[in-house]
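Chemist: For reference, each letter of the sequence shown is one residue, going 620 to 844 in this note's numbering. Virtual Cβ for every residue (Gly too), placed ideally from N, Cα, C.
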Amino acid sequence: MLYENTAEQKVMKMVKGLLVLMAYLSFLVVSGHAIDSPQYTLIYSQSDFQIRLYRQSSWMSATVHGASFNKSTKDSFHRVYKYIHGANLNASHLVMTAPVLTSVTSSAHGSEYTVRFFLSPKYEESPPQPYPELNLQFDKWRSHCVAVRVFSGFAVDDTITKEIKALQTSLDGYLYGNQAVVEEKNSYTIAQYNASHHLTGRINEVWMNISGLTAEGCPSYGGKY
C-alpha cells in the first residue's frame, strides 16, 4: 500500500508539474508579457488555421544553404546566438525574444534557410552591429498578413512537410473565396517558441505570406517583406 501511495504521489507531482509548465507556456505565448514578440492583429480564425496582420518588425538574420531543416537551423542559429550573447560591436547581451523563425526558400539549386531573431522595440531602429565574421543581416519587415497553423512537438523535417500540406489544404477554399493568394509559393516559415531543452508542451507554427485581403486591412504584396 505504501508503494502504491508513493507511485500515485509521483504521478500527481508529474501531472502538477506539467500543468504548471503548460500554464507558463500559455502565458509566454498568448500574453506577450514574459518576453518581446512581434505584434499582430487577428484577422480570421478557424480551428486549424489563422490569418494574422503583423505590424512592422525588425530582425537579425543568418542564412545558409542546406538540405536539412534541423541542421540548417542549428548552424544558422549558432551565429545568431553568438550575436545575442555579446558578439557585437557594443558587446551588448540581448534578452531572448520569441519566436525564432526559420524561413525556407526552395529553388532548382537547393534550399536556402534563414534564421531570424526578433529585435525588441529598444533595438528595432538601431540594433547593435554584429561582428562582420558572423555574416548577419538586419531585416526590417513591413506590415503584412500571414496564414498560420499551430503544431506541437519538435519541428523536424517530416513533421514540417505534413504541417505545410495541412495548411495549404486549409487555405485552398478560404483564399479562393476571398480572392486572396499565397505569395512566394516556394517559401514558408517555421516559428518556434520554445528552447530546445523544453521537451513537452512545445509550440510551433507554420507561416505563409498572403495578400489580397484588402477588406481585412492586409497590404498588397510588393515583392519582399
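1) For V714, does the three-state DSSP call read helix, strand or coil?
2) Determine the extent of the alpha helix (DSSP H) in which R698 is found, giving its start and end residues.
3) DSSP state of G792, grouped into three classes?
4) Measuring only between beta-carbons, confirm whether G831 sits less than 8 Å from chain D.
5) Enumerated in chain order, which unbroken segments of the beta strand (DSSP E) with a length of 3 residues or greater are wholly contained in the segment 726-770?
6) Short of 6 Å in beta carbon distance, which residues of its chain neighbour D655, apart from the five on each side in sequence? Order them along the chain.
7) At which residues does the beta strand (DSSP E) containing L661 begin and terminate?
8) Please classify A706: does DSSP put it in a helix, a strand, or coil?
9) Shortest alpha-carbon distance to W678 belongs to which of L755, I829, P751 and G729?
10) Nearest CA to the CA of D694: which residue from T682, Y702, D777 and H704?
11) Between the segment 762-782 and the segment 825-836, can you find at least three pairs of beta-carbon atoms closer than 8 Å?
12) With DSSP run on the structure shown, which of helix, strand or coil describes A785?
13) Just the C-alpha distance for G836 and I670, rounded to the nearest angstrom, thanks.
14) Identify the residues that DSSP records as bridge partners of Y675: which are they?
15) Out of curiosity, what's the CA-to-CA distance linking L661 and R674?
Modeler: So, from the listed chains and residues:
1) Note: V714 maps to coil in three-state DSSP.
2) R698 -> alpha helix (DSSP H) spans F688 to I703.
3) helix
4) Annotation note: the requested chain D is absent from the structure, which comprises a single protein chain.
5) 729-737 and 756-760
6) T716 and S739
7) Y659 to S664
8) Assigned with DSSP and collapsed to three states, A706 falls in coil, not helix or strand.
9) L755
10) Nearest option by C-alpha distance: T682.
11) Pairwise C-beta distances place the segment 825-836 in contact with the segment 762-782, as three or more of them are shorter than 8 Å.
12) helix
13) 11 Å
14) A small correction: the amino acid at residue 675 is Gln; Tyr does not occupy that position in the sequence shown. None; Q675 has no bridge partner.
15) If I take the Cα positions, the gap works out to 11 Å.
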